[in-house]
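Undergrad: Please see the structure below; I have some questions.
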């Protein structure tokens, strides 16, 4: 939160607490209602004193100072529905400049009402048979390949014993590879490869799309006997993921950050570790994709570690979720990336792997490198 001085910051913090709850001028509704419903301002301190970095947009002494305001919202205002929780945490304040959510603590009542990961790290390990090492994931792409070509790629990765194969998040229902045709072909290719190798590679089709197609897509996933799906919850709405995770189908969910509009060093929005590490996990993600520090987005390592830490730290009754660093990860960086995040990580490699001439051999070496990294972990 930015302000010219501590007095301005205090005024803004009080305005936020009111805006996010009763959303009326002082006096409307009466003092008793305000005391019951308005967020309680607990602290306002300079951001640097609290350990939060200044946004990169404010690098000099003339820049507007930033403050950290702690606001406690009553359960009477948030309820336990995810949509209203998000509305209170970052609703109307999203229309303001210089307001950013950098931390979030959810009470037991909310944590008990949200699904959290159905499988979590232990469950994904049980599905894949990868016990102690970092897991290896591959993406089938690029957009424009036919269903047959994508299935061929998936079979190659499955023969190499990759743990997880996911659709690229841009594969939906395009003419080159329509959803039903693509998912059916890729699922069959992975199943055939698993039968030949004795492997347990998971295939996660991308079900992101219009809300009125979701039920049909989930039906196909169930009919094909698949164990999980890929979803971009910031495109479909976070509550869509919650509904899948809390629903009757026994499916693992990988969350992709497309359209999340969250990155380190910004002055607005929700900080990446809060959005991906707490909210995505609470809404039901078993695996959460985010940019790796060594990838093409050049995120600072501190930010990436913070996401992984939130995904695996205690969060009420919820299982830990599997950090899935991606975004231009280099095929030669497995040891370094595994050392950065530890063995309870899914290493998702796309373009760097697809550039290899011997694709199956390269994918197999990736799995072997992950095994070595697991053995080297303390």
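Residue numbers (this note's numbering): 56 to 433.
Each residue gets a CB set at the ideal place from its N, CA and C atoms; glycine is no exception.
1) Measure the alpha-carbon distance for residue 167 versus residue 242 and round it to whole angstroms.
2) If you follow the alpha helix (DSSP H) that residue 140 is part of, which residue opens it and which one closes it?
3) For residue 338, name the three-state secondary structure that DSSP assigns.
4) Determine, using beta carbons only, whether residue 228 and residue 194 come nearer to each other than 7 Å.
5) Does the stretch 333-352 touch the stretch 302-312, meaning 3 or more C-beta pairs lie closer than 8 Å?
6) If you follow the beta strand (DSSP E) that residue 174 is part of, which residue opens it and which one closes it?
7) Quick check on the burial criterion: 16 or more other C-beta atoms within 10 angstroms. Buried or exposed for residue 147?
8) Which class does residue 258 belong to by DSSP, given the choice of helix, strand or coil?
9) So what's residue 426 in DSSP terms, helix, strand or just coil?
10) Mind checking residue 289: buried by the 16 CB within 10 Å criterion, or exposed?
11) What is the DSSP secondary structure of residue 371, reduced to helix, strand or coil?
12) Rounded to whole angstroms, what is the Cα-Cα separation between residue 65 and residue 99?
13) Could you please give the first and the last residue of the uninterrupted beta strand (DSSP E) stretch that includes residue 74?
14) Applying the 10 Å Cβ sphere with the 16-neighbour rule, what's the burial state of residue 266?
15) Across which residues does DSSP place residue 155 in a beta bridge pair?
16) Should residue 410 be labelled buried (16 or more other beta-carbon atoms within 10 Å of its own) or exposed?
17) Could you have a look at residue 206 and say whether DSSP puts it in helix, strand or coil?
18) According to DSSP, simplified to helix, strand and coil, what is residue 160?
19) State buried or exposed for residue 405, treating a residue as buried only when at least 16 other CB atoms are found within 10 Å of its CB.
20) Measure from the alpha carbon of residue 332 to the alpha carbon of each residue in 394, 273, 264 and 158, then state which is nearest.
21) Determine the closest residue to residue 323 out of 152, 262 and 359, with distance taken between C-alpha atoms.
22) Would you mind sorting residue 260 into buried or exposed? The rule is 16 or more other CB atoms within 10 Å of its CB.
23) Taking its Cβ as the centre, do 16 or more other Cβ atoms sit within 10 Å of residue 104, making it buried, or is it exposed?
24) Have a look at 373, 142 and 154 and flag the residue whose alpha-carbon is nearest the alpha-carbon of residue 102.
25) Measure the CB-CB distance between residue 399 and residue 262 and report whether it falls below 7 Å.
TA: Inspection of the coordinates gives the following:
1) Cα to Cα, the separation comes out at about 34 Å.
2) Start and end: 137-145.
3) Three-state DSSP puts residue 338 in coil, outside helix and strand.
4) Taking a C-beta distance under 7 Å as the contact criterion, residue 228 and residue 194 do not qualify as a contact pair.
5) The stretch 302-312, when compared against the stretch 333-352, does touch it at the 8 Å Cβ threshold.
6) Taken as a continuous stretch (DSSP letters only), residue 174 belongs to no beta strand (DSSP E), as it is neither H nor E.
7) Classification of residue 147: exposed, given that the 10 Å Cβ count is below 16.
8) It is a strand residue.
9) In the structure shown, residue 426 sits in a helix (DSSP, three-state: H, G or I).
10) With 16 or more other Cβ atoms within 10 Å, it is buried.
11) In the three-state scheme derived from DSSP, where H, G and I count as helix and E and B as strand, residue 371 is classed as coil.
12) So the alpha carbons of these two residues sit roughly 6 Å apart.
13) The continuous stretches of beta strand (DSSP E) do not include residue 74, which lies in the alpha helix (DSSP H) extending over residues 61-74.
14) Exposed, by the Cβ-count rule.
15) Residue 155 pairs with 324.
16) So residue 410 ends up on the exposed side.
17) The answer is helix: DSSP assigns residue 206 an H, G or I state.
18) Reduced to three states, the DSSP call for residue 160 is coil.
19) Buried: at least 16 other Cβ atoms inside 10 Å.
20) For residue 332, the nearest C-alpha among the options comes from 158.
21) Closest by alpha carbon: 152.
22) Label assigned to residue 260: buried.
23) Any reading at residue 104 must be qualified, since the residue scores a pLDDT of 49, below 50, and its modelled position is unreliable; no value is offered.
24) Its Cα nearest to that of residue 102, the residue 154 stands out among 373, 142 and 154.
25) Cβ distance not < 7 Å, so residue 399 and residue 262 don't count as in contact.
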